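Asks:
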Amino acid sequence: MDEIKSLSFQMEKIALKLSVKVQKIYDSLKELHDLTILLFKNTSEDNDSINRWLADEMFAVDGKGYFRRSGVLDTFHNKMDISDEVTYHWPGQLKDDLGIRFRFYALREVAFILKKIKDKLGNVSIIYYQDVISNGAIAYPYFDMADAIPADFSWKEYYTYLSVNPENNPERLIQRTPPNIDYAGEGLITIFSIPIYVRGCLKTR
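Position 116 of the sequence shown, counted from 1, bears residue number 183 in the numbering used here, the numbering being contiguous throughout.
#1: In whole angstroms, what separates the C-alpha of R135 from that of K185?
#2: Could you spell out the range, first to last residue, of the alpha helix (DSSP H) harbouring A178?
#3: In this structure, how does DSSP classify T244 when only helix, strand and coil are distinguished?
#4: Along the chain, where does the beta strand (DSSP E) containing V128 start, and where does it finish?
#5: Quick check: what's the CA-CA separation for M147 versus G138?
#6: Does the beta-carbon of V87 have 16 or more other beta-carbons within 10 angstroms, so that it is buried, or is it exposed?
#7: Looking at the strands, I want to know which residues DSSP matches up with G203.
#8: Let me check understanding here. Comparing Cα to Cα, which of Q197, T142, V191 lies closest to P158?
#9: Are the stretch 199–216 and the stretch 163–181 touching, with three or more C-beta to C-beta distances below 8 Å?
#10: Which of helix, strand or coil does DSSP assign to F210?
#11: In this structure, how does DSSP classify I71 when only helix, strand and coil are distinguished?
#12: Note down, in chain order, each residue of its chain lying with its Cβ closer than 7 Å to the Cβ of T271, except the 5 sequence neighbours on either side.
#13: Look at the alpha carbon of L106 and the alpha carbon of T244, and state the distance between them as a whole number of angstroms.
#14: State the DSSP-derived secondary structure class of A255, mapped to helix, strand or coil.
#15: Would you decide whether M212 is buried or exposed? Buried here means 16 or more other CB atoms lie within 10 Å of its CB.
#16: First and last residue of the beta strand (DSSP E) that includes I263?
#17: Using the beta-carbon count (16 or more within 10 Å), is F179 buried or exposed?
#18: When the Cα of L161 is compared with those of K187, D151, A127, which residue comes out closest?
#19: To the nearest angstrom, how far is the alpha carbon of L181 from that of R119?
#20: Is it buried or exposed, T154, if we count other Cβ atoms within 10 angstroms and call 16 or more buried?
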């Protein structure tokens with residue numbers, strides 16, 4: 068009987084820890100949701116500023132079909148510290164798309180916040196934005212997406228978007244996917260997502 072009580076106590080402790088962890092994730096997603104909306108609203112859609120940012124950050128279409136920062140990618144492959152950087156998954160054929168250019172420009176300083184949240188949450192593998200309208204993504208910490216995801220990958224077919232799209236989630240709530248094998252080599256993972264609606268359009272994270 069004592070063994071059963073002990074086991075029950077241990078299970079309750081584990082359940083409580085998981086509950087606290089899940090609540091932290093929910094709180095962080097809501098924080099990122101509000102920050103994203105604020106950044107979109109307070110960022111100017113000045114095309115000259117966006118063009119300067121793209122040039123300063125050395126964005127270019129590479130041989131794998133991505134439009135990304137060549138300098139940061141080189142630094143990553145040289146195994147130098149880029150802990151303050153995010154990965155851009157931006158298909159080369161969309162390099163001139165005004166919507167994704169603006170939204171990624173508005174989020175250009177978000178790596179610092181994502182790092183703080185990841186450090187706070189502990190063993191969360193990746194935090195990322197999916198821009199399903201323009202078929203792109205931003206991820207932290209930095210990794211070479213070409214190793215896992217083709218440049219023409221459709222984020223609208225990915226299970227995170229399917230869990231929060233308007234048809235499956237009209238209440239616009241945070242959703243959690245069943246365990247899946249991660250494309251980026253993280254093994255078996257569960258993903259928490261919150262939809263972001265801007266001017267009637269759905270993005271997701």
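Note that the Cβ used here is the ideal one computed from N, Cα and C, for glycine as well. For clarity, every value in this text was computed on a predicted model and none was experimentally measured.
Replies: Quick look at the numbers:
#1: Translated into positions along the sequence shown, residue 135 becomes position 68. Translated into positions along the sequence shown, residue 185 becomes position 118. Their backbone Cα atoms lie some 23 Å apart in a straight line.
#2: Here residue 178 corresponds to residue number 111 of the sequence shown, with the count starting at 1. It spans 178–188 - the alpha helix (DSSP H) in which A178 sits, taken as one unbroken run.
#3: For the purposes of this step, residue 244 is taken as the residue at position 177 of the sequence shown. DSSP places T244 in coil when its eight states are reduced to three.
#4: In the sequence shown, counting from the first residue as 1, residue 128 sits at position 61. Where V128 is concerned, the enclosing beta strand (DSSP E) stretches over 126–128.
#5: Position 80 of the sequence shown holds residue 147. Position 71 of the sequence shown holds residue 138. Straight-line Cα distance between these residues: approximately 12 Å.
#6: Numbered from its first residue, the sequence shown carries residue 87 at position 20. Looking at its Cβ environment, which holds fewer than 16 other Cβ atoms inside 10 Å, V87 is exposed.
#7: Numbered from its first residue, the sequence shown carries residue 203 at position 136. Answer by DSSP bridge pairing, in chain order: D198.
#8: Your numbering for residue 158 matches position 91 in the sequence shown. Nearest C-alpha to P158: Q197.
#9: yes
#10: By 1-based counting over the sequence shown, the position of residue 210 is 143. The answer is coil: DSSP assigns F210 none of H, G, I, E or B.
#11: In the sequence shown, residue 71 corresponds to position 4, counting from 1. Helix.
#12: Taking the first residue of the sequence shown as 1, we reach residue 271 at position 204. Low confidence applies to T271: its pLDDT is 48, below 50, so where it sits in the model is not reliable, and the reading given next is rough at best. Result list for T271: Q197, V199, T227, Y228, V231, S260, P262, I263, in chain order.
#13: Here the question's residue 106 lines up with position 39 in the sequence shown. Here the question's residue 244 lines up with position 177 in the sequence shown. The straight-line gap from Cα to Cα measures roughly 27 Å.
#14: Taking the first residue of the sequence shown as 1, we reach residue 255 at position 188. Sequence inspection shows Leu at residue 255; the Ala mentioned does not correspond to that position. In the structure shown, L255 sits in a strand (DSSP, three-state: E or B).
#15: In the sequence shown, counting from the first residue as 1, residue 212 sits at position 145. Looking at its Cβ environment, which holds 16 or more other Cβ atoms inside 10 Å, M212 is buried.
#16: Taking the first residue of the sequence shown as 1, we reach residue 263 at position 196. First-last of the beta strand (DSSP E) with I263: 262–265.
#17: Here residue 179 corresponds to residue number 112 of the sequence shown, with the count starting at 1. So F179 counts as exposed.
#18: By one-based count along the sequence shown, residue 161 stands at place 94. Ranking K187, D151, A127 by Cα distance to L161 puts A127 first.
#19: Counted from its first residue, the sequence shown places residue 181 at position 114. Counted from its first residue, the sequence shown places residue 119 at position 52. C-alpha separation (whole angstroms): 24 Å.
#20: Your numbering for residue 154 matches position 87 in the sequence shown. Buried, since its Cβ has 16 or more Cβ neighbours within 10 Å.
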